[in-house]
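>
Numbering (my numbering), first residue to last: 334 to 538.
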């Protein structure tokens with residue numbers, strides 16, 4: 334997992350797992366700065382001493398929260414890419430389908446990494462590498478898929494797909510208009526078609 338592996342150092346005991354689950358829910362719903370260690374301990378049913386014994390600091394709890402969220406997303410997306418059709422266009426569209434499903438199940442407030450970056454902008458913060466690492470990983474994924482779909486214009490296509498994807502995440506979190514992932518998916522399909530490869534027909538939401 335690259336930077337995630339370098340940043341995470343915690344042995345996850347049952348109490349630590351409960352604390353992390355509580356922190357993940359609270360940080361995502363209320364914001365990182367708004368949630369203190371006292372609240373996490375109370376929600377998890379553990380003592381503050383247990384929290385500090387396991388994590389050392391609130392900063393490390395934030396690192397674990399984002400690393401765990403990132404791992405879950407990558408595994409979720411990998412499953413859906415494996416289940417997609419064999420063509421590169423089908424797999425590009427599967428990314429948008431996966432984000433739509435993930436956001437419906439796990440992300441009503443938008444992207445946890447974007448939200449965290451609004452509160453943690455200092456590049457020296459250990460969580461910063463996880464936040465930027467996920468986005469770099471997504472761009473690398475789009476680049477690889479774009480190279481398969483349209484080798485001659487892969488870089489430009491990948492960056493445009495990334496913009497569509499990230500824009501849909503933000504629009505979803507802000508509830509700007511209904512189902513932004515469906516619209517982004519259709520725009521992605523049009524880009525793929527214009528690139529000369531076409532896109533497999535898929536669900537219209």
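All residues carry an ideal CB built from backbone N, CA and C; glycine is no exception.
Return yes when the Cβ of residue 504 is within less than 7 Å of the Cβ of residue 539, no when it is not.
Since the displayed the chain opens at 334 and closes at 538, residue 539 lies outside it and no answer follows.
> Are residue 460 and residue 396 closer than 7 Å when you measure CB to CB?
yes
> Hey, out of 346, 488, 366, whose CA is closest to residue 448's CA?
366
> Does DSSP put residue 381 in a helix, a strand or coil?
Note: residue 381 maps to helix in three-state DSSP.
> Using a Cβ-Cβ cut-off of 8 Å (strictly less than) and excluding sequence neighbours within five positions of residue 351, which residues of its own chain qualify?
377, 378, 379
> Suppose you measure from the CA of residue 498 to the CA of residue 473; what does that come to, to the nearest Å?
13 Å
> If you compare alpha carbons, which of 399, 527, 411 is closest to residue 429?
411
> In or out: residue 363 buried (at least 16 other Cβ within 10 Å) or exposed?
exposed
> Under three-state DSSP, which class holds residue 432?
helix
> Just to confirm, is the Cβ distance from residue 521 to residue 478 under 7 Å?
no
> What is the rounded straight-line gap between the Cα of residue 387 and the Cα of residue 485?
50 Å
> Can you tell me where the alpha helix (DSSP H) holding residue 508 begins and where it ends?
Segment: none, residue 508 is in no alpha helix (DSSP H) and carries neither H nor E.
> Note down the Cα distance separating residue 415 from residue 443, rounded to an integer number of angstroms.
24 Å
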